[in-house]
Amino acid sequence: MGIPKAQHPPPPQLLFLILLSCPWIQGTDPDPTLATPPASQTLASPSLPRATEPGTGPLTTAVTPKWGRGAGPTAPELLTPPPGTTAPPLSGPASPGPPLRPEGGEEETTTTIITTTTVTTTVTSPVLCNNNISEGEGHVESPDLGSSTSHTVGPLDCTYSIHVYPGYGIEIQVQMLNLSREEELLVLAGGGAPGLPPRLLANSSMLGEGQVLRSPTNRLLLHFQSPRVPRGSGFRIHYQAYLLSCGFPPRPAHGDVSVTDLHPGGTATFHCDSGYRLQGEETLICLNSTRPAWSGEPPSCIGESPATVASCGGTIHNATLGRIVSPEPGGAAGPNLTCRWVIEAAEGRRLHLHFERVSLDEDNDRLMVRSGGSPLSPVIYDSDMDDVPERGLISDAQSLYVELLSETPANPLLLSLRFEAFEEDRCFAPFLAHGNVTTTDPEYRPGALATFSCLPGYALEPPGPPNAIECVDPTEPHWNDTEPACKAMCGGELSEPAGVVLSPDWPQSYSPGQDCVWGLHVQEEKRILLQVEILNVREGDMLTLFDGDGPSARVLAQLRGPQPRRRLLSSGPDLTLQFQAPPGPPNPGLGQGFVLHFKEVPRNDTCPELPPPEWGWRTASHGDLIRGTVLTYQCEPGYELLGSDILTCQWDLSWSAAPPACQKIMTCADPGEITNGHRTTSDAGFPVGSHVQYRCLSGYSLEGAAVLTCYSRDTGTPKWSDRVPKCALKYEPCLNPGVPENGYQTLYKHHYQAGESLRFFCYEGFELIGEVTITCIPGHPSQWTSQPPLCKVTQTTDPSRQLESGNLALAILLPLGLVIVLGSGVYIYYTKLQGKSLFGFSGSHSYSPITVESDFSNPLYEAGDTREYEVSI
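For the sequence shown, position 750 (counting from the first letter as 1) is numbered 752 according to my numbering, and the numbering increases by one without interruption.
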């Protein structure tokens, strides 16, 4: 018979073209994209282009994108056989093995028919649904949310990029969130500067319905991934732009800062206290950028802080600048003091002594100053005879001798003398307490001018010009006039947009018999916000605030005695303050006085704007900060809130508390103690890197990690390296109960732990009496559940049962014998008597070939074999 020819498989190129021509083959576009919706279009469920729908590709394999998780993909990458090449055969049943060869000679021939089967591998590539959004407000929804016509049948990989103008951030609110465990939604803030990677704000496990997140930059990314067909209702997120602001600039030490606005374009102005000068820019501007920032580093206040001598007497060598103050009362000398100070300057210098604060008892205190270094030097000041010199004192030599005598004074002693050394050919440096001095020559040579100005709340005394003095006479330099003084006045008219009201003679105590009236006036369309910083007046004294121009206006508040800090707001542009202190002896036990700050604010019935905390955000219950508005503060993951998380705009348009701050969490929570054990810690506060080691009491064993370590996480709070272990009770093992006679046991060993089991078996001919398996029960000591079994000899058969079995055998064998006898008789009859054969056998026969066919109905592999065999018997 003929042998069929082997069939050759079609070339792979032909198969590839045939598959591409099929209308149901999709997903072969090498670069699927999704167009960005126009600006006027409302963002909704994006329709998926046909090129991105999942389908079957001929021998295609999806490649994991290289952009990683958290950034937007560009396009899927598919590995396809290049044109003009042959794909290698697939391994497995679809690839035929080597051809079969006959093991014998040429007499036996085997023909193999090769059937080529095309294997179609179904690979579902991710559906890309990217959008670039530039609107200021809108919604972002998952691709299949509420879409009855969506044909999404495969995994999703969606990136939504939201952009707003520089100087604005993006706030999102999760309105609906229903994701499966396999789906992931990431919220990332775009880098604040070119080249900076996005920063993770939250993932699916951190998000919840109603939650609000803020991006501190003008770009925000939403990355949604679903490895299979989404089954949940997805998500819906509302977004809107909000105006970013600069952080409040730090207040310099020995100075202060005033801010006009924290938003772009606002300014911050710095100034220093008396005796200090500003190092750095005096004014900074909030610049508009991706993340607004101040135009420079905040300045600092530096200066030569005078050395202060508070001891009762002493010698100061090489004196340059310093102070002598009265010693603390109640010392070793008691109420009686006799203090002598000697101030010595360097050779060729003289000393200037300025009387900053002097309060002496006329009858019991005396202060004398001598120009020289001994008690015999000439006296240039005696408090019993002279008034306090406003210009101070200048020594004729390089030394000054100061002597203070106090004998049981009725009033407290106050003394502060400022000394400064200067060259003989120059004027001394003028000093103005609570004010500033500017000069044309810092060396104060002859011809130099010094101009004076007071700090807010103080006024020059004597008032009016001239407020400048000149260093004259080159032969003997001196100032042509006395230095003015800055004093807190009793009353006055103030029309500045911001300022300070001080009690008379502040920081010294005010004297009795005061009746002071201050009038505060701002622009007509404004009103006045008054901040009570310090208020500590005597009993019987009172500070009254009138909501208008003059004491005839409505009383806004009456303040008496010590008061905490508070804020008050006028209804119009005028506010009147009246302070009354009846005549009488002062009470030395109190630090009397007050400090009130005021500024003009818009007349809009709103609380002042508060900036969001760094590393956090705030949400307001109302669009405008009107009375009753509630601000809720939250921190980013990994940060904790310091302060109150809820602030309320009160009736006086002040906030109920200071704004909180967000601080990085650098500690783990206390893991706790363990029962029947104890622990040792490397640090009681559990900071990052600290260790906690657990140990168990005697008779107990530790289950779990013995040492826990606190480690930091980028997007969450610090966490312990493992769970807290437990102390389990130790049990004594059970002893082997022994092997039964004529039997054996499995897992033979000397000791068995609690919970282990032991099985017993008997040899053939013996039967087991008792429990086959016994278990070790924990205890002290541990015990077996029962006694070990026994192996006994199997009992002999009963005679009556033997008789019954014999009868059964006879009943079976007797009919069988009869059948054999009858069969033998029939055979002999036919063969011997009739001479015929019972079976029609012949001596030689011719056999035809036997054809064996095998047919395999396999969709992936089909082959037919035709073989010829000769069967001989």
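Each residue gets a CB set at the ideal place from its N, CA and C atoms; glycine is no exception. Please read all numbers here as calculations on a predicted model, not as lab measurements.
Within 10 angstroms of the Cβ of residue i, are there 16 or more other Cβ atoms? Answer buried if so, exposed if not.
{"i": "H624", "result": "exposed"}
{"i": "V166", "result": "buried"}
{"i": "R725", "result": "exposed"}
{"i": "K489", "result": "buried"}
{"i": "N220", "result": "buried"}
{"i": "Q594", "result": "buried"}
{"i": "G827", "result": "exposed"}
{"i": "V189", "result": "buried"}
{"i": "Y829", "result": "exposed"}
{"i": "A583", "result": "buried"}
{"i": "T161", "result": "buried"}
{"i": "E602", "result": "buried"}
Could you tell me the distance, in whole angstroms, from the CA atom of residue i to the CA atom of residue j?
{"i": "F762", "j": "G781", "result": "23 angstroms"}
{"i": "H256", "j": "L198", "result": "38 angstroms"}
{"i": "L577", "j": "G552", "result": "8 angstroms"}
{"i": "C793", "j": "P739", "result": "15 angstroms"}
{"i": "H752", "j": "G767", "result": "28 angstroms"}
{"i": "L396", "j": "T442", "result": "The sequence as given places Ile at residue 396; Leu does not occur at that position. Using only the alpha carbons, I get a separation of about 22 angstroms."}
{"i": "N678", "j": "S684", "result": "21 angstroms"}
{"i": "P218", "j": "S291", "result": "11 angstroms"}
{"i": "V709", "j": "G169", "result": "48 angstroms"}
{"i": "D427", "j": "E364", "result": "38 angstroms"}
{"i": "E769", "j": "V795", "result": "6 angstroms"}
{"i": "E527", "j": "D549", "result": "15 angstroms"}
{"i": "P566", "j": "P661", "result": "18 angstroms"}
{"i": "P783", "j": "S723", "result": "37 angstroms"}
{"i": "I776", "j": "E734", "result": "17 angstroms"}
{"i": "P790", "j": "Y750", "result": "14 angstroms"}
{"i": "I304", "j": "F433", "result": "17 angstroms"}
{"i": "S361", "j": "L644", "result": "45 angstroms"}
{"i": "R529", "j": "L612", "result": "19 angstroms"}
{"i": "L571", "j": "V327", "result": "40 angstroms"}
{"i": "V404", "j": "R562", "result": "41 angstroms"}
{"i": "L36", "j": "N134", "result": "Low confidence applies here, because L36 scores a pLDDT of 33, under 50, leaving its location unreliable and the question unanswered by this model."}
If you follow the beta strand (DSSP E) that residue i is in, where does it begin and where does it stop?
{"i": "P604", "result": "595 to 604"}
{"i": "T682", "result": "679 to 683"}
{"i": "C778", "result": "775 to 779"}
{"i": "V259", "result": "257 to 261"}
{"i": "I667", "result": "Unbroken run through I667: none, as it is neither H nor E."}
{"i": "L246", "result": "Counting along the chain, L246 falls outside any beta strand (DSSP E), and DSSP gives it neither H nor E."}
{"i": "D159", "result": "158 to 165"}
{"i": "R352", "result": "351 to 361"}
{"i": "L402", "result": "401 to 408"}
{"i": "Y750", "result": "Premise fails: Y750 is in no beta strand (DSSP E) and is neither H nor E."}
{"i": "P720", "result": "718 to 722"}
{"i": "A470", "result": "470 to 474"}
Within a Cβ cutoff of 6 angstroms, which residues of the same chain sit near residue i, ignoring the five residues on either side of it in sequence?
{"i": "A347", "result": "A321, L353, Q400, A423"}
{"i": "Q175", "result": "V214, H240"}
{"i": "A270", "result": "P251, V259, V261, L286"}
{"i": "Y765", "result": "N744"}
{"i": "S228", "result": "P157, L158, E185"}
{"i": "T608", "result": "D626, L627, I628"}
{"i": "E758", "result": "C778"}
{"i": "W508", "result": "A490, G595"}
Going along the chain, which residues of its own chain have a beta-carbon closer than 7 angstroms to the beta-carbon of residue i, five neighbours each way excluded?
{"i": "W617", "result": "C637, E638, Y641, C664"}
{"i": "R103", "result": "Low per-residue confidence applies at R103: pLDDT is 41, beneath 50, and the placement is therefore not dependable enough to give any value."}
{"i": "G394", "result": "H354, L355, H356, F357"}
Grab me the residues of residue i's own chain with a C-beta within less than 8 angstroms of its C-beta, minus the 5 sequence neighbours each way, in chain order.
{"i": "M668", "result": "P689, V690, S714, P720"}
{"i": "D672", "result": "F688"}
{"i": "C288", "result": "S247, C248, D263, L264, H265, P266, G267, G268, T269, A270, P294, A295, W296, S297"}
{"i": "H680", "result": "Y696, R697, L699"}
Is residue i near the ligand PLP - that is, is its Cβ less than 7 angstroms away from at least one heavy atom of it?
{"i": "S408", "result": "You won't find the ligand PLP in this model; it holds no ligand whatsoever."}
When the Cβ atoms of the stretch 649 to 663 are set against those of the stretch 681 to 700, are three or more pairs found closer than 8 angstroms? no
Under 8 angstroms, with one C-beta from each stretch per pair, do the stretch 452 to 472 and the stretch 484 to 499 reach the 3-pair mark? yes
Check whether the stretch 550 to 568 and the stretch 599 to 608 are in contact - that is, three or more C-beta pairs closer than 8 angstroms. no
So, does the stretch 538 to 549 touch the stretch 463 to 478, judging by three or more C-beta pairs under 8 angstroms? no
Under 8 angstroms: do the stretch 516 to 536 and the stretch 491 to 504 share three or more Cβ pairs, one atom per stretch? yes
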